[in-house]
Structures are given as structure tokens and as C-alpha cells.
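Q: Sharing a structure, written as C-alpha cells. Questions coming.
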Amino acid sequence: MQKLERKELVDLLRQMLLMRRFEEKCAEMYAMGKIGGFLHLYIGQEAVATGAISVLRPDDSVIASYREHGHALAKGCDPGKIMAELFGRADGLCKGKGGSMHLFDKTRHFLGGHAIVAGQIPIGTGAAFASQYEGKDQVTLCFFGDAAVNQGVFHEALNLAALWHLPIVYICENNRYGMGTAVERATPVKDLYQRAEAYGIPGEAVDGMDVLAVRECVGAAVERARRERIPSFIEAKTYRFRGHSMADPGTYRTKEEVEREKQRDPIVLFRNHLTAEAVIKESDWKALEKEVRTAVEEAVRYADASPEPPLDWLLTDVYVSER
Amino acid sequence: MAIITYREALNQALREEMRRDPRVFLMGEEVGLYQGAYKVSQGLLEEFGSKRVIDTPISEAGFTGVGIGAAMVGLRPIVEMMTFNFALVAIDQIVNQAAKILYMSGGQYNVPMVIRGPGGPAHQLAAQHSQSMESYFYHVPGLKIVRPGTPKDAKGLLKSAIRDDDPVIFIESELLYGTKGEVPDGDYTIPLGVGEIKREGRDVTIVAYSTMLLLALQTAEELEKEGISVEVVDPRTLRPLDTELIMESVKKTNRAIVMESGAGFAGIGSGIGAIISEQAFDYLDAPVERVTGANAPTPYARNLERAKIPSKERLVAAVKKVLS
Amino acid sequence: MAMSVVMPRLSDTMEEGKILRWLKKEGDRVEGGDIIAEIQTDKADIEMEAFGSGVLRKILVGAGQSAPVGRPIGVIAEADEDLSALLPPVIDSALRAATSAGPGAPAAVPPAPQVGILGRVKASPLARRLARTQGIDLSLVKGSGPGGRVVRRDLADVTASIQGAGQRAPSMSPAPAMAERAVTIAPTTPSAEFEDRELSPMRKAIAKRVAYSTATVPHFYLTVEVAMEKAAELRDAMQVQAPDLKVTFTDIIIRAVVMALARYPAMNASFMDDRIRIHSRVNLGIAVALEAGLINPVLRDCGKKSVMQIARESKSVIERARALKLRPEEYTGATFTVSNLGMYEIEEFTAIINPPEAGILAIGRIQSKPVVVDGAVQIGQRMRMTLSCDHRAVDGATGATFLQEVKRLLEHPFHLVLQPE
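Protein chains in written order, with our numbering: chain F, 3 to 325; chain C, 3 to 326; chain X, 53 to 473.
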């Protein structure tokens with residue numbers, strides 16, 4: 003992969019930082035009762051969505067699970083509209099009908115957050131099918147967690163994608179726990195990417211804390227998909243610094259483990275890297291922090307200012323024909 | 003007007019719609035090379051090729067999901083369930099995804115797809131292949147459900163379903179594939195959500211669809227000889243339901259019977275019966291009766307299977323009861 | 053910048069949380085993201101992080117205590133910052149005001165209309181409708197349907213016989229039967245017959261609270277009559293002594309109630325599902341009627357307060373309650389409530405308890421009436437009051453003893469002014 007320009011490198015750092023600050027703000031808004039329901043934060047995993055989505059064209063599709071705020075931001079969805087959606091407001095991405103787990107943005111080819119584990123995998127496969135059917139060269143990135151690889155539809159979808167040569171890259175974000183169940187308590191193979199072998203497609207592991215490594219690995223897979231219609235399965239080894247959801251007591255892992263993993267904070271690692279390479283200075287970092295915080299505050303202001311959805315929206319969008 | 007079978011009518015609908023719109027494709031088990039488990043897709047592979055008539059592995063959840071994703075980004079898939087019982091393997095995709103994506107996305111992504119195949123009891127197929135699946139989907143907002151009973155309806159409704167912008171559950175019947183009827187020439191559609199009075203009468207309304215429609219019409223014929231005038235209303239589409247037509251008929255006859263081949267508990271009859279009680283209460287001269295399948299899985303033995311499914315005798319008894 | 057630390061919402065169903073322990077103590081430096089406390093929610097024990105940086109200046113809710121979501125539990129500020137301006141944050145003051153409005157006064161529930169019990173006629177809905185429009189008394193029609201149900205054809209027979217006779221048959225009544233009339237009362241033109249008013253948040257909260265109370269709290273009631281001559285003398289004397297203050301009967305009754313609660317703390321209690329909490333302080337709620345509903349301003353820790361103090365404070369809170377200017381802590385946390393409808397000339401009534409309080413005392417008017425004193429009839433000043441008790445927390449004798457004490461104090465009011473010591 004060609005060497006990145008300074009601007010591109012800074013963009014990656016900014017993107018990760020935006021995800022981090024956005025999610026921290028979400029935790030605060032949840033505690034204040036402004037966000038309801040379930041809230042699953044992406045903190046710790048930022049390098050995966052950032053690196054992977056950075057190689058896409060705007061008309062490529064992304065589909066993800068219910069921990070998808072980061073993916074939506076990386077795909078270019080407006081932070082204010084995302085926050086408004088989390089607040090359940092009329093100006094939310096989905097008019098307040100989807101919430102944290104169901105962000106969709108058709109203008110960005112963001113096919114949604116899906117909250118049945120692995121439910122999105124065949125659907126993403128369908129988007130890739132459509133690209134092939136229509137003779138286009140759009141690629142689909144399909145994100146899911148480590149727990150999804152034991153659902154039936156994961157296997158069905160990989161089988162179909164391999165069988166039909168669909169332009170899709172499956173990205174398993176292995177954050178080591180499906181809710182409170184450690185991977186080794188759920189899956190007998192140590193390296194999840196090995197499952198690709200069963201379907202005869204390329205499988206690869208990548209350090210999910212290293213945004214450049216993710217970018218390179220996914221970039222190659224996207225090119226394979228786009229040029230040769232070869233689907234891939236990538237396991238990004240990462241870690242979630244926060245609980246599964248806001249209600250997570252964290253009893254299934256030790257504090258020492260969490261602290262140890264935090265030493266490999268993807269944002270800190272990348273910032274240090276850029277500093278060492280003299281790409282950014284301390285003042286650049288401060289400016290980035292300020293810019294991102296302003297963007298997040300602006301998102302909150304936008305969400306706060308948006309009205310609740312009118313009650314007659316309850317019955318709209320059930321059917322197209324009754325809209 | 004030509005007289006053709008229900009199977010041919012469906013085949014014509016598929017063929018005509020695939021010719022009309024290149025975004026339409028058919029996907030399912032044995033739809034291509036094998037020419038369809040029930041020959042509904044006969045000849046389509048030859049005409050449209052394997053790009054648009056796609057044989058799948060036995061993987062209902064997987065290929066239903068593929069259909070949903072393809073529909074979200076602009077194609078118009080027709081997914082065949084070899085029998086509708088197998089849709090249970092894909093029910094998460096149908097209920098959690100297809101039915102809800104339009105709503106969850108605030109109207110951004112619609113899912114214009116048809117999931118079709120035969121359902122309901124046939125001849126000694128036993129418990130896992132004889133279910134009347136419409137009641138499983140009847141509960142789910144976001145889905146449309148079609149249950150055609152005649153060749154003419156089958157063709158006109160399937161064409162509408164393929165052109166519809168929402169996910170449509172289209173349930174045919176093994177028992178009806180060979181039945182014949184008049185079908186208009188040329189391109190025609192029958193709108194979803196519009197029922198039809200299949201036989202006019204004065205004394206009692208029977209609401210019946212699919213195979214039960216045929217049973218109701220035969221029974222009505224015989225009751226006519228006894229001087230009982232039966233009106234048979236075929237809703238054709240269960241979601242959206244043509245309640246207006248049903249109420250009109252009930253208000254005229256003042257008595258209603260709802261039929262279904264599946265077990266009655268929490269079934270279609272419960273739903274339609276309740277709507278009649280709510281909307282035509284002051285017109286009822288007798289309680290709404292349901293004639294439904296027995297509350298048991300479908301048995302294999304011929305005599306037991308016969309006892310499980312609604313019969314002419316049970317329908318006659320219900321008619322006499324509401325007229326007493 | 054000084055900021056309140058509020059009880060966070062940590063799950064989709066959490067309404068209140070308990071502080072298991074504070075990991076920082078007052079004076080400790082905290083950074084945003086630091087874990088500062090452990091909270092027990094309805095789902096799990098969860099660490100709570102700080103959302104801002106500074107010094108933990110104040111802990112408002114200590115370990116082992118619970119607080120509803122959104123209630124301030126601490127303050128983070130710079131070391132030298134002035135905290136006095138920091139009002140307890142009110143996440144949604146309107147809502148909170150509404151949910152705390154106590155049902156101190158009884159809800160005006162009209163008695164159910166008396167409906168005559170008529171013999172039920174079995175008839176199909178169609179037959180009923182036809183009978184109604186044709187003025188036929190269904191009870192006089194013989195039904196030929198299943199189980200004698202009147203069906204349409206039976207009415208057709210009657211109609212035919214009437215038309216045949218050319219006059220109304222005696223079996224027909226010109227007016228619909230009573231039960232049928234009840235049906236026809238249903239309004240045809242809503243705009244002319246009624247007006248639907250939307251529920252204010254306060255109205256909704258009151259509706260919820262009184263329904264919750266009557267549905268879950270098993271009430272029992274005790275009524276007693278009190279001789280008020282001496283209490284009236286006390287009030288007159290106090291009005292002379294402090295003409296500006298206008299000491300009311302309510303103030304004197306509150307003083308008596310507070311003293312009685314101090315003597316019988318079992319009445320100053322809350323039923324807590326697995327235990328009964330006896331409150332060490334008396335926080336007395338006063339039911340105040342507002343145009344928009346009700347509110348219960350609270351006199352805090354008034355066990356030792358004199359009648360004059362009570363009069364002064366209650367006057368102030370009631371005024372501010374009417375102006376809707378109460379702060380949340382001024383209308384929450386009552387341990388017992390007094391509701392007086394005497395000024396509306398109500399003789400006596402029963403009030404609905406405001407949970408988790410275990411009792412509410414409903415005061416009627418003082419009236420002149422003949423009483424027997426030493427075997428002779430004379431005119432006395434009598435007041436009736438009714439105590440509603442939560443039977444889960446207190447029994448009849450507990451309530452009766454308490455009520456007897458209130459009566460004794462009011463009839464011997466010098467006790468009210470002799471104390472506090």
C-alpha cells in the first residue's frame with residue numbers, strides 16, 4: 003500500500019479521537035437519562051472501523067452490529083444526527099425510530115446497525131450480491147463481533163459468498179468477550195480467522211489496535227473483492243475498554259487485564275507513532291482535541307434542540323405503500 | 003380468457019415480471035436445474051439463465067438474508083421456500099430484519115421482496131410439512147401476506163406482490179397447483195388488500211381463503227339445495243385485510259363464519275372474528291363461529307389427517323348453528 | 053467549574069441506585085473518567101465514573117444510602133470555588149414537581165351511579181339494536197334462538213303482529229327499558245356534550261400516585277371527635293400575641309401531630325417490602341390545593357419546633373407552593389401528612405396515603421353542636437378527624453393510640469406550648 007500523506011494520517015487520528023470523545027459523551031448522556039435503552043460503546047476498538055472504512059469509496063456499503071456508532075461516524079454520518087437518534091429525536095438519522103442499535107444512513111450507504119447477533123451477516127452478503135448482479139464494482143464491509151461466528155447464519159453467509167464469489171469483506175472484531183463470555187469459553191478454535199478455511203476464502207488476523215495495520219490488511223482484501231470478486235474473512239484482534247453495555251458489572255474479567263489492555267490504547271499508540279515520526283506536534287494534538295470536543299458538543303446541542311418525533315410517526319414507515 | 007392451472011398461472015406471473023423488470027430474480031432450492039420442486043419455475047432457467055434463476059444450497063436463513071440485503075440496495079428478489087414450513091428456519095431474517103428495516107431506518111431502506119412457496123396441509127405430509135404458516139406472520143407489522151385461492155388470483159396477486167415495495171409473504175398450496183380456472187389474457191394485476199365476494203348469498207357469510215375457499219364454495223352449493231343462501235368472502239390478502247368488504251357482507255347476512263386450515267388457537271379466525279365483533283357487533287344475530295384445524299400437529303394417518311382439517315360436515319354444522 | 057455529581061442512570065430500567073461505597077473522599081482530586089464510587093442498580097453493582105475534573109468537595113449521599121436517578125449525590129469543583137450558588141440540579145423540574153405532588157387531600161371520586169339490576173335478557177346484538185330503534189321491550193319477547201336467545205326473526209314476528217293489529221301491542225313499551233337507555237346515553241355529538249382536557253404533568257402524576265396508593269397500600273381508617281374549645285382559646289391568645297402571624301388551627305393541629313409522632317414513632321414509618329423503616333425525624337407534609345392539582349410542602353425536622361415556628365414556616369412554604377416556587381427538597385421526603393378541608397365546611401373525610409408514608413390525618417371542620425357534659429346538654433365546639441393508616445406498617449391499636457394522643461394534646465393544648473424543653 004502506498005505511503006500516506008500527512009493529511010491522511012491526521013485524518014485517521016482525528017477519526018479515532020472523534021469516536022472516543024463521542025462515545026464518552028454518550029456515556030455521560032446515558033447517565034443523565036438523555037439516552038435510553040441499551041447503549042454499547044466502541045471505546046477501545048476505534049482503530050478497526052477507522053482503518054477499515056478509510057479504504058472504502060463513498061459508494062461502498064457498510065453494515066454492522068449494535069455496537070455501530072463508530073462505524074457510522076467513519077462512514078461519514080453526521081454526528082449531530084447520530085446523537086439526535088440516540089436521544090430519540092425527530093432529526094435523528096432514523097427519525098428517532100431506531101436508536102443506538104439501529105443507525106441507518108442511505109445517503110452514506112450505511113446499511114444499518116443490527117441487534118440480533120449475526121443477523122446482519124447474510125444481509126451484507128445480499129448487498130454484495132446486488133453489486134455483482136448489477137455488474138458494479140461496489141464492495142461491502144460487514145462488521146460483527148467474536149460471538150457472531152457461532153451463529154448459523156455466519157456460516158450460511160460465508161458459504162454463499164464463497165460459492166457465488168461475492169465482493170464482500172467480513173470483519174470480525176474479536177474484542178475477546180461476547181457480552182460476559184470469553185472467546186475460549188465459546189469457540190474451540192483459538193484463531194477465529196481459521197474459520198475462513200472451511201469456505202475456501204482468504205482468512206487473516208490483524209492487530210486491531212494498530213490503525214495502519216488494519217488499513218493495510220482491509221485495503222488488500224477490498225481490492226481482492228473489487229477486482230477479483232474474492233470474499234475475505236479478517237479477524238481484527240482488539241479489546242473493549244468498557245462494559246458490554248452500560249449495565250455491565252464487569253465481573254467476568256479482572257481489572258488488571260483491563261488496565262493491561264489499556265496500555266495498548268489504539269489512539270495513544272497512533273498518536274505516539276505520529277509524534278515519533280514528527281508528523282504531528284503537541285500543538286497539533288491539542289488542536290485536534292479541541293476540534294473534536296467542539297464537534298461533539300455541537301452534536302449534543304443539535305440533538306438537544308431537535309424536537310421529539312410527532313406522535314403520528316408511530317404508524318408511518320410500517321409499510322411503504324401507507325406512507 | 004384461457005383456462006389454465008394455478009401452477010401455470012404462477013409461472014406466467016414470474017415469467018412476465020422477470021421480462022418486465024431486470025431487477026427481478028428468483029432464488030431458492032431447486033428452482034433452476036430441477037425446474038422447481040413443484041414445477042412452478044419450469045422453463046425459467048432456460049429463458050433467464052442462471053444469473054436470474056439461482057439455485058441455492060439448503061440454507062434458508064442465509065439466502066433469505068441475501069434477498070433482504072439485495073432488496074435494500076435496489077433489487078427485487080423472489081425467494082422461494084420449497085415449502086413454507088422451511089421459512090421457520092429463516093424466521094429471524096423475515097421477522098427481525100425484513101419486516102422491521104423500513105421502520106428502524108425511519109423510512110430510508112425498504113425491502114421490496116417476495117417470499118413465496120406452498121403452505122398448509124396437503125396429502126399425508128405429516129406434522130413438519132403441513133403447517134398453515136400464515137398465522138405465524140399474521141402477527142407481524144411490516145409484512146404483507148397473500149393467500150390466493152384461484153389461478154386468476156394467483157397470477158394477478160403475484161404480479162402485484164413482485165411490484166410491491168414491501169416484503170410480501172406469498173403462500174400457495176400443493177393442493178391447488180393442479181386446479182384450473184379462467185385467467186384473463188395479457189398483463190393484469192390484482193391489488194393487495196382487496197378481497198372478493200366469490201359467491202353472493204343472504205343468510206350467512208363465510209370468510210375463507212386458499213384451499214378453504216374451495217371447500218366453502220362446494221359447501222355453499224349443497225346448502226343452496228336446502229334453501230340456505232351462503233355468501234363466500236375471499237379476503238385473498240390477510241395483511242392488509244379488506245375489512246370493509248367483510249363488514250359489508252356481515253352487515254347484510256348478520257352471521258359470520260371464519261375458516262382456516264391451521265389450528266384455530268390464536269389463528270387467523272381469532273383475528274378476523276375479533277374484528278367482526280368490534281366493527282359489526284350490532285349487526286350480529288349469532289356469535290361469530292370459527293371452523294379451523296384441530297388443536298394438534300398434523301398426523302400422518304389418512305383418517306386422522308382428515309379429522310384434523312376442516313371438513314364439509316363441520317362447516318355445515320357451523321352454518322346450521324349460526325342459523326339456529 | 054463547579055458541577056453536581058448526580059446519581060447516574062446505568063441501565064435501561066434503573067430508577068434509583070444505592071451507593072455501595074465512595075472510592076474518593078471529600079477533598080480528593082478527581083479527573084474525568086476516574087471511578088469515584090460503586091453503585092448498586094436494579095441489575096448489577098457498577099462502577100461510576102466522574103464526568104468532570106476537580107476536587108470532590110462534597111458527598112451528599114453517603115455509602116449505604118440510595119438516591120433516585122438524577123438526584124445530586126456529590127459536588128466536584130475547584131478547591132477554592134464557592135459552592136453556595138450550586139443549586140441541586142433539577143433534571144426536569146416540572147416533571148419532578150409533578151411526581152412529588154402528594155395526594156394529601158382525598159381525590160374527589162364521585163360515587164358510582166346506582167344502576168338498577170334488571171333481569172338480563174339474552175338477545176343477539178342485532179336484536180338489541182332493532183328492539184331499541186323500534187321501541188320493543190326485549191324482556192317481553194320470546195326468544196327462539198339457542199338457549200332462548202332473542203334473534204332477529206323473533207322481532208320480525210312481533211313487528212308483524214303489531215302491524216297486523218294496526219296498533220301498538222301491550223308488549224311494547226314506548227320508552228326503552230332502563231338497561232337499554234344506559235346504552236343510548238352515549239353522546240352523539242361530542243363537542244356539545246363534553247370537553248376533553250389534556251392531562252397536565254401534575255395531573256398525571258397525581259393520578260398515578262393515588263391509583264398506585266389505593267391499589268397497593270391496604271388502608272384502614274380511624275375517626276375520632278375532638279373538643280376544640282381550648283385549642284380555640286390558644287389560637288385566639290396567639291393571634292393577640294402575634295397579630296401578623298395569624299396562627300391557624302392547622303398550625304396547632306400540626307404541632308399536636310408532631311408531638312404525638314415523637315411519642316409514638318411507630319406511626320412515623322414507611323413500609324419497605326422487607327422491613328419497616330422508622331424515621332428518626334418528623335418531616336411533616338401539608339396537603340395544599342392548587343389550581344392545577346395538589347402539592348405537599350414539607351416542614352422538615354419539626355419535632356422540636358414551636359407552634360409559632362410551625363406557623364411561620366408553614367405560612368412561607370404554603371405561599372411558595374401556591375406560587376409554584378418550591379424547590380424539590382421542599383416537597384419531597386415527608387414522613388406523615390396532614391390534610392385539612394375544614395375551611396370547605398367538610399365535616400369529615402378519609403384521605404389517601406402518600407406512599408411511602410404510613411399515615412395521613414384528614415381534618416374536618418369545627419362545628420357547634422349539642423354535647424353532653426356532666427349529664428347536661430350544652431353547646432360544644434367539635435372537630436372530627438380521620439386517620440388513614442398503611443396496615444402493612446401499623447395496626448389498629450397503634451393508630452388508635454397515636455390518634456388518642458393527638459386528641460389529648462388538642463384538648464389539653466398547654467402541652468403544646470409547654471414543650472419543647
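Glycine included, every Cβ here is placed at the ideal spot set by N, Cα and C.
Every value quoted in this text rests on a predicted model; they were computed, and no experiment measured them.
Considering just the uninterrupted stretch of the beta strand (DSSP E) at N177 of chain F, what are its terminal residues?
A: Taking the first residue of the first sequence as position 1, residue 177 of chain F is located at position 175. It is not in any beta strand (DSSP E) - N177 of chain F carries neither H nor E in the DSSP assignment.
Q: Which class does P169 of chain C belong to by DSSP, given the choice of helix, strand or coil?
A: Start at 1 with the first residue of the second sequence, and residue 169 of chain C comes out as number 167. It is coil, neither helix nor strand.
Q: Relative to the alpha-carbon of D314 of chain F, which residue among F:V216, F:D61, F:K99 and F:G53 has its alpha-carbon at the smallest distance?
A: Here the question's residue 314 of chain F lines up with position 312 in the first sequence. Nearest of F:V216, F:D61, F:K99 and F:G53 to D314 of chain F, Cα basis: F:K99.
Q: With 8 Å as the threshold, decide whether the Cβ of A257 of chain X is near any Cβ in chain F.
A: What you label residue 257 of chain X is simply residue 205 of the third sequence in a count that begins at 1. Judged by the 8 Å Cβ criterion, A257 of chain X is not in contact with chain F.
Q: Since I55 of chain F and I70 of chain C should fall inside the 8 Å C-beta cutoff, what is the C-beta to C-beta distance between them, to a whole number of angstroms?
A: Your numbering for residue 55 of chain F matches position 53 in the first sequence. Your numbering for residue 70 of chain C matches position 68 in the second sequence. 22 Å between Cβ atoms; not a contact.
Q: Can you look up K314 of chain C in the DSSP assignment and give me helix, strand or coil?
A: Working through the second sequence from its first residue, we reach residue 314 of chain C at position 312. Helix at K314 of chain C.
Q: Using a Cβ-Cβ cut-off of 7 Å (strictly less than) and excluding sequence neighbours within five positions of Q291 of chain X, which residues of its own chain qualify?
A: Taking the first residue of the third sequence as position 1, residue 291 of chain X is located at position 239. K298 and V299, listed in sequence order.
Q: Determine the burial state of P79 of chain C: buried for a count of at least 16 other Cβ atoms within 10 Å of its Cβ, exposed for fewer.
A: Reading the second sequence from its first residue, position 77 is the one you call residue 79 of chain C. Buried, because 16 or more other Cβ atoms sit within 10 Å of the Cβ of P79 of chain C.
Q: Starting from the Cα of M83 of chain C, find the closest Cα among C:M115, C:Q99 and C:S52 and give me that residue.
A: Position 81 of the second sequence, counting from 1, holds the residue named residue 83 of chain C. The shortest Cα separation from M83 of chain C among C:M115, C:Q99 and C:S52 belongs to C:M115.
Q: Using the Cβ count rule (16 or more neighbours within 10 Å means buried), how would you classify V424 of chain X?
A: Here residue 424 of chain X is taken as the residue at index 372 of the third sequence, counted from 1. By the neighbour-count rule (16 or more Cβ atoms within 10 Å), V424 of chain X is not buried but exposed.
Q: Going along the region 129–154 of chain F in order, which residues come within less than 7 Å of chain C, judged by CB to CB distance?
A: A129, F131, A132, Y135 and G154
Q: Please classify F267 of chain C as buried or exposed, where buried requires at least 16 other C-beta atoms within 10 Å of its C-beta.
A: For the purposes of this step, residue 267 of chain C is identified with residue 265 of the second sequence, where counting begins at 1. Per the 10 Å Cβ criterion, exposed.
Q: When the distance is taken between beta carbons, is Y211 of chain C closer than 8 Å to R238 of chain C?
A: Sequence index remark: in the second sequence, residue 238 of chain C carries index 236 (1-based). Sequence index remark: in the second sequence, residue 211 of chain C carries index 209 (1-based). The answer is yes: Cβ separation under 8 Å.
Q: By the DSSP assignment, the alpha helix (DSSP H) with V310 of chain X in it spans what residues?
A: If you number the third sequence from 1, residue 310 of chain X lands on position 258. DSSP places V310 of chain X inside the alpha helix (DSSP H), whose first and last residues are F301 to R315.
Q: Between G416 of chain X and M395 of chain X, is the Cβ-Cβ spacing less than 8 Å?
A: Translated into positions along the third sequence, residue 416 of chain X becomes position 364. Translated into positions along the third sequence, residue 395 of chain X becomes position 343. Going by C-beta atoms, G416 of chain X is not nearer than 8 Å to M395 of chain X.
Q: Any beta-carbon of chain F closer than 8 Å to the one on S191 of chain X?
A: As a working note, residue 191 of chain X is residue 139 in the third sequence. No, S191 of chain X lies away from the interface with chain F (no Cβ there is under 8 Å from its Cβ).
Q: Does the region 305–316 of chain C touch the region 268–278 of chain C, meaning 3 or more C-beta pairs lie closer than 8 Å?
A: no
Q: With a cut-off of 8 Å, does the C-beta of A212 of chain X fall near any C-beta of chain F?
A: What you label residue 212 of chain X is simply residue 160 of the third sequence in a count that begins at 1. Among the CB atoms of chain F, none fall inside 8 Å of the CB of A212 of chain X.
Q: From T185 of chain X to T7 of chain C, what does the alpha carbon distance come to, in whole angstroms?
A: Looking up residue 185 of chain X in the third sequence gives position 133. Looking up residue 7 of chain C in the second sequence gives position 5. Taking the straight line joining both Cα atoms gives about 51 Å.
Q: Report buried or exposed for T85 of chain C, applying the criterion of at least 16 other Cβ atoms within 10 angstroms of its Cβ.
A: Within the second sequence, numbered from 1, the residue matching residue 85 of chain C stands at position 83. Buried, since its Cβ has 16 or more Cβ neighbours within 10 Å.
Q: Taking only the alpha-carbon atoms, compute the straight-line gap between V75 of chain C and N112 of chain C and give it to the nearest angstrom.
A: In the second sequence, the residue the question calls residue 75 of chain C occupies position 73. In the second sequence, the residue the question calls residue 112 of chain C occupies position 110. Taking the straight line joining both Cα atoms gives about 9 Å.
Q: So within the region 12–62 of chain C, which uninterrupted alpha helix (DSSP H) runs reach at least 4 residues, ignoring any that extend past its ends?
A: 46–50
Q: Of the residues X:G432, X:D447, X:L313 and X:R327, which one's Cα is nearest the Cα of A386 of chain X?
A: Mapped onto the third sequence, residue 386 of chain X falls at position 334. Per the Cα distances, X:L313.
Q: Since E130 of chain X and L108 of chain X should fall inside the 8 Å C-beta cutoff, what is the C-beta to C-beta distance between them, to a whole number of angstroms?
A: Numbered from 1 along the third sequence, position 78 holds the residue referred to as residue 130 of chain X. Numbered from 1 along the third sequence, position 56 holds the residue referred to as residue 108 of chain X. Their Cβ separation, rounded to whole angstroms, is 11 Å, which puts E130 of chain X and L108 of chain X out of contact at 8 Å.
Q: Is there at least one Cβ from chain C nearer than 8 Å to E232 of chain X's Cβ?
A: For the purposes of this step, residue 232 of chain X is taken as the residue at position 180 of the third sequence. Residue placement at E232 of chain X cannot be trusted, given a pLDDT of 37 that sits under 50; the coordinates are not used to answer.
Q: Do the region 79–99 of chain F and the region 126–138 of chain F meet, that is, are 3 or more Cβ pairs less than 8 Å apart?
A: no
Q: Could you spell out the range, first to last residue, of the beta strand (DSSP E) harbouring K110 of chain X?
A: Numbered from its first residue, the third sequence carries residue 110 of chain X at position 58. Where K110 of chain X is concerned, the enclosing beta strand (DSSP E) stretches over G106 to I111.
Q: If you run the structure through DSSP and keep just helix, strand and coil, what is S358 of chain X?
A: Stepping through the third sequence from its first residue, residue 358 of chain X is reached at position 306. Three-state result, S358 of chain X: coil.
Q: Over the uninterrupted alpha helix (DSSP H) stretch that includes K288 of chain F, give me the two end residues.
A: Along the first sequence, read from residue 1 onward, the residue named residue 288 of chain F stands at position 286. Looking at the DSSP string, the run of the alpha helix (DSSP H) that includes K288 of chain F is E284 to A307.
Q: Considering only the alpha carbon of each residue, which of F:L88, F:A120 and F:D13 lies closest to D306 of chain F?
A: If you number the first sequence from 1, residue 306 of chain F lands on position 304. Ranking the options by Cα distance to D306 of chain F, first place goes to F:L88.
Q: Less than 8 Å between the CB atoms is what I'm expecting for G122 of chain C and T213 of chain C, so what's the real figure, rounded?
A: If you number the second sequence from 1, residue 122 of chain C lands on position 120. If you number the second sequence from 1, residue 213 of chain C lands on position 211. Indeed, because the Cβ distance is near 6 Å, the residues count as touching under 8 Å.
Q: Rounded to whole angstroms, how far is the Cβ of V309 of chain X from the Cβ of V469 of chain X, which I believe are closer than 8 Å?
A: One-based indexing of the third sequence puts residue 309 of chain X at position 257. One-based indexing of the third sequence puts residue 469 of chain X at position 417. Wrong, their Cβ atoms sit about 15 Å apart, outside the cutoff.
Q: Check whether chain F comes within 8 Å of T384 of chain X, counting only Cβ atoms and requiring the distance to be less than that.
A: By one-based count along the third sequence, residue 384 of chain X stands at place 332. Closer than 8 Å to the CB of T384 of chain X there is not a single CB belonging to chain F.
Q: For a quick check, are the C-beta atoms of I248 of chain C and V293 of chain C less than 8 Å apart?
A: Taking the first residue of the second sequence as 1, we reach residue 248 of chain C at position 246. Taking the first residue of the second sequence as 1, we reach residue 293 of chain C at position 291. No.
Q: How far does the beta strand (DSSP E) with R417 of chain X in it reach, from first residue to last?
A: The residue labelled residue 417 of chain X in the question sits at position 365 within the third sequence. Where R417 of chain X is concerned, the enclosing beta strand (DSSP E) stretches over G411 to V425.
Q: From the beta carbon of P354 of chain F, is the nearest beta carbon of chain X less than 8 Å away?
A: One cannot answer for residue 354 of chain F here, as it falls past the ends of chain F, which runs 3 to 325.
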